[in-house]
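Q: With positions in the sequence shown counted from 1, the corresponding number in the working numbering is that position plus 1.
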Amino acid sequence: MELLDNLALGFSTATSLANLGFCLIGVLLGTLIGVLPGIGATATIAMLLPITFQIGDPVSSLIMLAGIYYGAQYGGSTTAILINMPGESSSAVTAIDGYQMAKNGRAGAALAIAAIGSFFAGTVSTFLVAIFAPPLTAIALQFGAAEYFSLMIVGLVSSVALAHGSIVKALTMVVLGLLLGLVGTDIYTGTPRFTLGIREYADGLNFVAVAVGVFGVAEILRNLENEHERSVMIRRVSGLMPTREDFRRMATPIVRGTIIGSALGILPGGGAILAAFASYTVEKRVSKNPGEFGKGAIEGVAGPESANNAGAQTSFIPMLTLGIPANPVMALMIGAMIIQGIVPGPNVAIEQPALFWGIIASMWIGNLMLIILNLPLIGLWVKLLTIPYYVLFPIIMAFCSIGVYSVNTNIYDLYAVAFFGFLGYLLTKLRCEPAPLLLGFVLGPLLEENLRRAMILARGDPTTFVTRPISAGLLFIALAVLVIVFLPAVKKKREEVFVEEN
């Protein structure tokens with residue numbers, strides 16, 4: 002009964018006129034940026050953080066940002082199928098068979114299969130969020146400073162394990178992020194650290210400026226460097242209704258993909274992307290006709306699309322219950338909460354139940370909006386694919402600059418955007434993934450605070466982290482993940498997966 006009461010509160014919050022409007026804006030904008038390759042949900046949400054500050058109501062702003070995230074998962078499949086360019090990295094697997102279906106004259110069916118799979122996965126995984134979030138919150142309320150420190154170590158180690166490319170580079174990015182998080186005034190001594198004598202950095206680096214620079218500006222520079230024509234092969238899409246045989250073939254892969262995505266989505270570092278690849282691998286192995294994969298197999302579209310959407314939804318579980326981001330988008334969501342004066346963690350469910358359950362309820366509403374709106378608007382999305390980057394990106398840059406400056410009206414924030422934009426671009430040239438950097442930057446201050454608080458409570462005894470059972474268990478998990486990742490067989494398989502993705 003308590004679950005039903007909480008859901009009733011959530012739906013009463015999410016169905017207010019303002020929140021319905023922001024949910025609609027979020028899913029439409031998410032689909033749009035998912036359709037346009039080279040922008041992505043992470044960069045878009047980073048750019049829109051200043052607007053969330055202006056909206057005022059944290060519930061409305063977070064509902065909109067959540068809609069952008071899972072809306073982008075829907076939109077990413079459109080370009081993957083029509084022009085073989087996934088709008089989201091998690092849709093890269095969909096392009097393998099989806100594009101082949103389009104070339105065979107079945108673009109409409111491929112888009113419909115992707116949409117149906119996404120809707121089913123989103124609906125089921127949101128239900129799982131509603132079921133598992135409260136008990137996890139209750140457990141997290143028992144955590145002390147030592148347990149939180151160990152939990153954040155697990156999050157950072159997992160983000161390294163699931164990061165693309167070199168593990169050493171991922172570790173370097175995490176450490177760099179942690180160091181950037183230390184910029185500002187020491188919370189216990191009041192001593193300035195790494196501020197370079199600039200008073201404006203006494204409160205630390207502006208999260209919005211760092212996020213917009215590393216993800217927004219850097220992504221724009223990278224795409225302008227690689228400007229090329231996007232050939233839209235399909236200009237008119239028809240036959241959106243799958244056949245009875247299509248429904249028979251896609252039903253089981255959708256269920257399997259939903260289960261895989263729901264389980265892997267909670268993993269820090271990009272579980273939704275991993276889920277899509279895992280689903281494709283499973284479908285290929287259980288198929289009676291594995292030779293069809295890569296040539297337009299329906300299972301190759303239905304499974305991965307369901308998996309990446311389920312993973313996107315369940316990634317909210319650690320963010321809402323523990324205050325731990327499962328991916329860069331969740332790190333940005335935590336940043337949006339902090340901007341609004343909300344402390345992320347288990348207390349959100351207790352102190353802000355309307356926010357907690359309103360976001361969960363809005364996911365159901367947003368998924369319903371997406372399935373109703375997306376397929377009829379396919380023609381519009383196809384036309385948007387013809388917009389050249391050199392027209393699109395200057396507008397986005399101007400929008401970013403105005404937005405970042407409006408948060409604190411501080412010129413140093415614009416300097417930070419320029420610096421971190423160049424840094425983010427340089428990192429991509431060096432094949433360093435910026436996601437662990439942002440996770441380190443977000444978790445750095447929280448990690449330090451809980452480390453020092455735990456040491457104070459233990460009177461300087463560092464063994465407190467291994468003598469407390471939960472803390473010791475979490476540290477053991479972190480150590481086990483590191484050992485497993487460095488095992489030769491696992492390391493080789495990991496490299497193969499990311500080579501396939503690239």
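By construction, the Cβ of each residue, glycine as well, lies at the ideal position given by its N, Cα and C atoms.
Note that the coordinates shown come from a computational prediction; the quantities given were computed from them, not determined experimentally.
What is the rounded straight-line gap between the Cα of L480 and the Cα of L393?
A: Taking the straight line joining both Cα atoms gives about 45 Å.
Q: If you draw a straight line from the C-alpha of V169 to the C-alpha of G441, how long is it?
A: Going by the C-alpha atoms only, they are around 15 Å apart.
Q: Starting from L197, trace the alpha helix (DSSP H) both ways and give me its first and last residue.
A: It is not in any alpha helix (DSSP H) - L197 carries neither H nor E in the DSSP assignment.
Q: Find out if the Cβ-Cβ distance for the pair G72, L112 is shorter than 9 Å.
A: Going by C-beta atoms, G72 is not nearer than 9 Å to L112.
Q: Can you list, in chain order, the stretches of the alpha helix (DSSP H) that have 4 or more residues and sit fully within the region 409-453?
A: Within the region 409-453, the complete alpha helix (DSSP H) runs of at least 4 residues are 412-430.
Q: Smallest Cα separation from V484: which of I373, F128, V158, G217?
A: Checked all of I373, F128, V158, G217; the closest Cα to V484 is V158.
Q: Which stretch, first to last residue, makes up the alpha helix (DSSP H) that contains L112?
A: First-last of the alpha helix (DSSP H) with L112: 108-141.
Q: What span of residues does the alpha helix (DSSP H) with S263 cover, start to end?
A: Per DSSP, S263 belongs to the alpha helix (DSSP H) from 245-265.
Q: Could you name the residues of the same chain whose beta carbon sits closer than 8 Å to that of E230, not counting the 5 residues immediately before and after it, in chain order?
A: Confidence is the limiting factor: at E230 the pLDDT is only 47, short of 50, which leaves the residue's position unreliable and the question unanswerable from this model.
Q: Would you call the region 412-428 and the region 58-71 touching, i.e. three or more CB-CB distances under 8 Å?
A: Cβ pair count under 8 Å is below three, so no.
Q: Take the Cβ of P326 as the centre, count every other Cβ of all protein chains shown within 10 Å, and call the residue buried at 16 or more, exposed below.
A: Its Cβ being crowded by 16 or more others within 10 Å, P326 is buried.
Q: According to DSSP, which residues form a beta bridge with T186?
A: T186 pairs with P193.
Q: Restricting to Cα atoms, I'd like to know which of I117, F357, G367, I339 is closest to G258.
A: Ranking the options by Cα distance to G258, first place goes to I117.
Q: Applying the criterion that 16 or more other CB atoms from any shown protein chain within 10 Å of the CB defines a buried residue, is M242 buried or exposed?
A: Its Cβ having fewer than 16 others within 10 Å, M242 is exposed.
Q: How would you write the range of the alpha helix (DSSP H) that S62 sits in, first residue to last?
A: From DSSP, the alpha helix (DSSP H) with S62 extends over 59-83.
Q: Could you check the C-alpha separation between V500 and A308 for me, to the nearest Å?
A: Unreliable positioning characterises V500 in this predicted model, as indicated by a pLDDT of 49, which lies under 50. A coordinate reading is not provided.
Q: Taking the continuous alpha helix (DSSP H) assigned at Q353, which residues delimit it?
A: It is not in any alpha helix (DSSP H) - Q353 carries neither H nor E in the DSSP assignment.
Q: Ordered along the chain, which non-local residues of its own chain (more than five positions away) have a Cβ less than 8 Å from that of I114?
A: Closer than 8 Å at Cβ, skipping near neighbours: P243, D247, M251, I299, V302, A303, E306.
Q: Taking C-beta to C-beta, are G297 and S280 nearer than 9 Å?
A: No. Outside cutoff.
Q: Could you check if G198 is buried or exposed, using at least 16 other CB atoms within 10 Å of its CB as the buried criterion?
A: It counts as exposed.
Q: What did DSSP end up calling E3 once you bin it into helix, strand or coil?
A: Three-state result, E3: helix.
Q: Whole angstroms is fine: what's the gap from F208's alpha carbon to G346's?
A: Roughly 18 Å between the two C-alpha positions.
Q: In or out: G359 buried (at least 16 other Cβ within 10 Å) or exposed?
A: With 16 or more Cβ atoms within 10 Å of its Cβ, G359 is classed as buried.
Q: Are at least three pairs of beta-carbons, each pair with one atom in the region 327-344 and one in the region 38-54, less than 8 Å apart?
A: The region 327-344 is in contact with the region 38-54.
Q: In three-state terms, what does DSSP make of L25?
A: Helix, per DSSP.
Q: At the level of alpha carbons, what is the spacing between N411 and S288?
A: The alpha-carbon atoms of N411 and S288 are separated by roughly 58 Å.
Q: Please confirm if the region 368-383 is in contact with the region 171-180, defined as three or more CB-CB distances below 8 Å between the two stretches.
A: At 8 Å Cβ cutoff, the stretches do not touch.
Q: Can you tell which of L142, T32, A9, T138 has the C-alpha that lies nearest to the C-alpha of I379?
A: The shortest C-alpha separation from I379 is found at T32.
Q: So, at 6 Å on beta carbons, what are the nonlocal neighbours of E148 in its own chain, with the 5 sequence-adjacent residues on each side left out?
A: So the qualifying residues of the chain are I471, S472.
Q: Starting from the C-beta of L415, find all residues in its chain whose C-beta is less than 7 Å away, skip the five residues before and the five after it, and write them out in chain order.
A: Here the set comprises S402, V405, Y406.
Q: Whose CA, out of T253, N310, I267, F466, lies closest to the CA of V283?
A: For V283, the nearest C-alpha among the options comes from T253.
Q: Restricting to Cα atoms, I'd like to know which of E3, A19, L25, A110 is closest to W365.
A: Cα-wise, what sits closest to W365 is L25.
Q: Take A19 and list the residues in its own chain whose beta-carbon comes closer than 8 Å to its own, dropping the five residues that flank it on each side.
A: Contacts found: D58, S61.
Q: Please state whether the Cβ-Cβ distance between S367 and G27 is less than 9 Å.
A: Position check: residue 367 holds Gly in this sequence, whereas Ser was assumed. Taking 9 Å as the Cβ cut-off, G367 and G27 qualify as a contacting pair.
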